[in-house]
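Peer 1: Going down the list, the protein sequences come from chains A and B.
First residue of the first sequence: 328, per the numbering used here; consecutive thereafter.
First residue of the second sequence: 30, per the numbering used here; consecutive thereafter.
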Amino acid sequence: MNPMRTLATTRRVLVQIRNDPRTIALLLIVPSLLIGLVAWIFDETDTFATIGPAMLALFPFIVMFLVTSIATLRERRSGTLERLLSMPLGRGDFILGYTLAFGLLAVVQTAVAVGYATLVCGLEIEGSVGLLFVVAIADALLGTALGLLASAFARTEFQVVQFMPVFVFPQILLGGIFLPRDQLPDVLETIGDWLPLSHAIDALNAVSTGNEDDAYIWLRVLFIACWIVGAIIVGSLTLRRRTP
Amino acid sequence: MTNTAVEVRGLRIRRGRSAVIDGLDLEVPRGAIVGLLGPSGSGKTTLMRAIVGVQIVSGGTVQVLGRPAGSAPLRHRVGYMTQQASIYDDLSVRANLRYFARVQGAPQSDVDRVLERTDLMGQADQLARTLSGGQANRVSLAAAMLGNPELLVLDEPTVGLDPVLRADLWGLFRSLADEGTTLLVSSHVMDEATRCDRLLLMREGAIIADTTPRDLLSSTGAASAEEAFLDIIEKDTAGEGPAGHGRRSRTHLLSQNANGKGRPSHDRRGHGTKEGGRR
Numbered sequence: 328m329n330p331m332r333t334l335a336t337t338r339r340v341l342v343q344i345r346n347d348p349r350t351i352a353l354l355l356i357v358p359s360l361l362i363g364l365v366a367w368i369f370d371e372t373d374t375f376a377t378i379g380p381a382m383l384a385l386f387p388f389i390v391m392f393l394v395t396s397i398a399t400l401r402e403r404r405s406g407t408l409e410r411l412l413s414m415p416l417g418r419g420d421f422i423l424g425y426t427l428a429f430g431l432l433a434v435v436q437t438a439v440a441v442g443y444a445t446l447v448c449g450l451e452i453e454g455s456v457g458l459l460f461v462v463a464i465a466d467a468l469l470g471t472a473l474g475l476l477a478s479a480f481a482r483t484e485f486q487v488v489q490f491m492p493v494f495v496f497p498q499i500l501l502g503g504i505f506l507p508r509d510q511l512p513d514v515l516e517t518i519g520d521w522l523p524l525s526h527a528i529d530a531l532n533a534v535s536t537g538n539e540d541d542a543y544i545w546l547r548v549l550f551i552a553c554w555i556v557g558a559i560i561v562g563s564l565t566l567r568r569r570t571p
Numbered sequence: 030m031t032n033t034a035v036e037v038r039g040l041r042i043r044r045g046r047s048a049v050i051d052g053l054d055l056e057v058p059r060g061a062i063v064g065l066l067g068p069s070g071s072g073k074t075t076l077m078r079a080i081v082g083v084q085i086v087s088g089g090t091v092q093v094l095g096r097p098a099g100s101a102p103l104r105h106r107v108g109y110m111t112q113q114a115s116i117y118d119d120l121s122v123r124a125n126l127r128y129f130a131r132v133q134g135a136p137q138s139d140v141d142r143v144l145e146r147t148d149l150m151g152q153a154d155q156l157a158r159t160l161s162g163g164q165a166n167r168v169s170l171a172a173a174m175l176g177n178p179e180l181l182v183l184d185e186p187t188v189g190l191d192p193v194l195r196a197d198l199w200g201l202f203r204s205l206a207d208e209g210t211t212l213l214v215s216s217h218v219m220d221e222a223t224r225c226d227r228l229l230l231m232r233e234g235a236i237i238a239d240t241t242p243r244d245l246l247s248s249t250g251a252a253s254a255e256e257a258f259l260d261i262i263e264k265d266t267a268g269e270g271p272a273g274h275g276r277r278s279r280t281h282l283l284s285q286n287a288n289g290k291g292r293p294s295h296d297r298r299g300h301g302t303k304e305g306g307r308r
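1) Which residue wins for smallest C-alpha separation from A/Ala366, given the options A/Tyr443, A/Gly503, A/Thr395 and A/Leu411?
2) I'd like the span of the beta strand (DSSP E) that includes A/Met414, first residue to last.
3) Using 8 Å as the limit for Cβ to Cβ distance, is B/His217 near chain A?
4) Strictly under 8 Å for the Cβ-Cβ distance: is B/Val35 near chain A by that measure?
5) By DSSP's criteria, B/Val182 is part of a beta bridge. Which residues make up the other side?
6) For A/Asn538, count the other beta carbons within 10 Å of its own beta carbon; 16 or more makes it buried, fewer makes it exposed. Which is it?
7) Report, in whole angstroms, the separation of the C-beta atoms of B/Ala254 and B/Ala222, which I expect to be a contact under 8 Å.
8) With distances taken Cα to Cα, identify the nearest neighbour of B/Tyr128 among A/Ala438, A/Gly379 and A/Thr407.
9) Which residue from A/Val487, A/Leu549, A/Arg547 and A/Gly519 puts its Cα closest to that of A/Phe392?
10) Taking the alpha-carbon of B/Ala165 as reference, which of B/Glu179, B/Asp118, B/Arg59 and B/Met174 has the nearest alpha-carbon?
11) Where does B/Asp341 fall in DSSP's three states?
12) What residues in the stretch 391-411 of chain A bring their beta carbon closer than 8 Å to a beta carbon of chain B?
13) Our contact map puts B/Pro178 next to B/Gly134 with C-beta atoms below 8 Å; I'd like the distance itself, whole angstroms only.
14) Short of 7 Å in beta carbon distance, which residues of its chain neighbour A/Ala552, apart from the five on each side in sequence? Order them along the chain.
15) Could you pull the start and end residues of the beta strand (DSSP E) that B/Arg41 belongs to?
16) Compare the C-alpha of B/Leu53 against each of B/Ser121, B/Met219 and B/Met77 and name the closest.
17) Does at least one heavy atom of the ligand ADP sit under 7 Å from the Cβ of A/Ala444?
18) Considering only residues of the stretch 473-542 of chain A, which uninterrupted alpha helix (DSSP H) runs meet the minimum length of 4 residues and lie entirely inside it, listed in chain order?
19) Three or more C-beta pairs under 8 Å: does that hold for the stretch 471-490 of chain A against the stretch 561-569 of chain A?
20) Assuming A/Ala384 and A/Glu451 make a contact with CB atoms under 8 Å, what is their CB distance in whole Å?
21) For the stretch 453-483 of chain A, which residues have a beta carbon sitting closer than 7 Å to at least one beta carbon of chain B?
22) Hey, does B/Lys290 have any beta-carbon neighbour from chain A nearer than 8 Å?
23) With respect to the beta strand (DSSP E) encompassing B/Thr240, which residues constitute its N-terminal and C-terminal limits?
24) What does a CB cutoff of less than 8 Å around A/Thr445 pick up in its chain, not counting 5 residues either side in sequence?
25) Mind checking which residues open and close the beta strand (DSSP E) that includes B/Val309?
26) Specify, as a first and last residue, the run of the beta strand (DSSP E) that B/Thr90 falls within.
27) If distances are taken between C-alpha atoms only, which option among B/Leu180, B/Ile236, B/Leu126 and B/Leu103 comes closest to B/Gln155?
28) Could you give the DSSP three-state label for B/Ser115: helix, strand or coil?
29) Which residues of chain B have a Cβ atom closer than 9 Å to the Cβ of A/Arg418, listed in chain order?
30) Determine whether the beta carbon atoms of B/Leu170 and B/Pro186 lie at a separation below 8 Å.
31) Exposed or buried, which one is B/Arg232 when buried takes at least 16 other CB atoms within 10 Å?
32) If you run the structure through DSSP and keep just helix, strand and coil, what is B/Gln133?
33) Residue range of the beta strand (DSSP E) that B/Met231 falls in?
34) With DSSP run on the structure shown, which of helix, strand or coil describes B/Asp155?
35) At the 8 Å Cβ level, is B/Ser87 part of the contact set with chain A, yes or no?
36) Check the C-beta distance from A/Val462 over to A/Leu531 and give it rounded, since I have them as a contact under 8 Å.
Structure (structure tokens):
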């Protein structure tokens, strides 16, 4: 691995996205629109205060999962990945390059979504806004890492989009948004406790209510980080220089 | 330094259960243009991928510039142009080449050099998706030339180009060879044979002739390379070809492409004497 090649890859990915203004608009505006819609739905109740933070965890995760899995699949199918792997590019350079680029995008996306949720929708953040960003970025990186992994199992764009429900929906269902996890049947509660998105949701709830100390939140970020590292290791194993 | 750029011994490549290449030997001399000619589906791309080191190989050795194919030091010394233009559609021509130059470890000044040599200066700031197929192919070629690799492996670089552009590209290949670069160029257009220093004729995963353009014509007495190639195939299938494979089937040169898939059918078993289920 080599920092120059990693950063060159990051830059290249960001320039590709810059050349696609519609994608940038979708990335930045859609999460805010949906958060606004949820706030509107629960206008007469105080439910938004409890599920609003979870929404902030979902969007960077889902969006980055989709963007990464499709971008990587495109590299595999267009032959550019084969070209890169016949050149002196480390597999780590490729993955880290993508992770950095999408991590950076996630920061911007989260800033817009948090700004909209707090200033326009009236979501109250009692805890540290800095920590909220840390959790959201960890979430986006998790989406990137799992997206990279998913693209290895997909042969076509159709398949990769179908992987979204497989990787994402169970995490949303068992993460405690629909029903708090301690009210789930035991088996589902245990599964939920091991899924990374659950911890992201816990951490964001803790930030917004300010009920827990920083150590509680950092522990959850650490848990997500372990998932990210695991997914990246498995994902990089699927990037073979030699293919059939 | 030996005079061989590529040395392949007993190469075997399987796809699924069938052997795509079964026991292939081959030498490519340094500083020459070597044409790898054969119909589509004959295994040219698979062989080239093995030489670049991106193909899973099930047996035999491939030595490139004195090292095993695909080993890390070779990644700076071998340039590979795939059949499809492997470039980023949503980047400009220059941005594509800048990125590949950084990955290759070539200086940024190299970008202008390859743009000029491939005659792409006028398109440098155009998005790659707006290019014609031929232009996109030249960007792909330019990317392979970054960092002045000693060996260029070019998979059908002239496909779909008009005759003028094709002549220009062969002029470029000749000047690269004069500067000491070794070029392995595949093509299914037999007329291009005459522009090479050496010729490898490939069919059904085997090299059926290793010759020079002059010898190809004089040994067969044919008037054109296309005729000469047909002649060699006829001898080869009759079991008395130069490569002496003793193949008995009377498969026509293009018959394996008749199903439109451009790949050898799956029931074939290398170049044995039996040909199951082929028509």
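The C-beta atom is built at its ideal place from N, Cα and C for all residues, glycine as well.
Peer 2: The answer reads as follows:
1) It is A/Tyr443 whose Cα lies nearest to the Cα of A/Ala366.
2) Per DSSP, A/Met414 belongs to no beta strand (DSSP E) and is neither H nor E.
3) Taking 8 Å as the threshold, the shortest C-beta distance from B/His217 to chain A does not fall below it.
4) Under the 8 Å criterion on CB atoms, B/Val35 is classed as non-interfacial with respect to chain A.
5) Partner(s): B/Tyr109 and B/Leu213.
6) Around the beta carbon of A/Asn538, fewer than 16 other beta carbons sit within 10 angstroms, so the residue counts as exposed.
7) Indeed, because the Cβ distance is near 4 Å, the residues count as touching under 8 Å.
8) Taking only the C-alpha atoms, the option nearest B/Tyr128 is A/Thr407.
9) Nearest in C-alpha terms to A/Phe392, of all of A/Val487, A/Leu549, A/Arg547 and A/Gly519, is A/Val487.
10) Nearest Cα to B/Ala165 within the set B/Glu179, B/Asp118, B/Arg59 and B/Met174: B/Asp118.
11) As shown, chain B starts at 30 and ends at 308. That puts residue 341 of chain B outside it, with no answer to give.
12) Hits within the stretch, in order: Ser405, Gly406, Thr407, Glu409, Arg410 and Leu411.
13) Contact check for B/Pro178 and B/Gly134: beta-carbon distance about 12 Å, past the 8 Å limit, so the pair fails to qualify.
14) Only Ala465 meet the Cβ criterion.
15) That run of the beta strand (DSSP E) goes Thr33 to Arg44.
16) Among B/Ser121, B/Met219 and B/Met77, the Cα nearest to that of B/Leu53 belongs to B/Met77.
17) As presented, the structure is devoid of all ligands, the ligand ADP included, so that no description of it is given.
18) As for any alpha helix (DSSP H) of minimum length 4 sitting wholly inside the stretch 473-542 of chain A, the runs are 484-501, 513-521 and 523-536, ordered along the chain.
19) The stretch 471-490 of chain A, when compared against the stretch 561-569 of chain A, does touch it at the 8 Å Cβ threshold.
20) Actually they are not in contact, since the Cβ atoms of A/Ala384 and A/Glu451 sit about 16 Å apart, beyond 8 Å.
21) If the cut-off is 7 Å between Cβ atoms, the stretch 453-483 of chain A has nothing near chain B.
22) Residue placement at B/Lys290 is poorly supported in this model, since its pLDDT is 41, which falls under 50; the coordinates still yield a value, given next. With a threshold of 8 Å between beta carbons, B/Lys290 makes no contact with chain A.
23) Run containing B/Thr240: Ala235 to Thr240, per the beta strand (DSSP E) assignment.
24) If we look at A/Thr445 and ignore the five residues flanking it on each side, its Cβ neighbours are Glu451 and Ile452.
25) What is shown of chain B runs 30 to 308, which leaves residue 309 of chain B out entirely.
26) First-last of the beta strand (DSSP E) with B/Thr90: Gly88 to Val93.
27) Checking every option, the nearest Cα to that of B/Gln155 belongs to B/Leu126.
28) Of the three classes helix, strand and coil, the one that applies to B/Ser115 here is coil, per DSSP.
29) Going along chain B, no residue has its Cβ under 9 Å from A/Arg418, so there is no contact; the nearest lies around 12 Å.
30) Contact: yes.
31) Buried: at least 16 other Cβ atoms inside 10 Å.
32) Assignment of B/Gln133 by DSSP, reduced to helix, strand and coil, places it in the helix class.
33) Counting along the chain, the beta strand (DSSP E) containing B/Met231 begins and ends at Arg227 to Arg232.
34) A small correction: the amino acid at residue 155 of chain B is Gln; Asp does not occupy that position in the sequence shown. Residue state, collapsed to three classes: coil.
35) Output row for B/Ser87: interface = no.
36) Contact flag correct, Cβ pair sits at about 5 Å.
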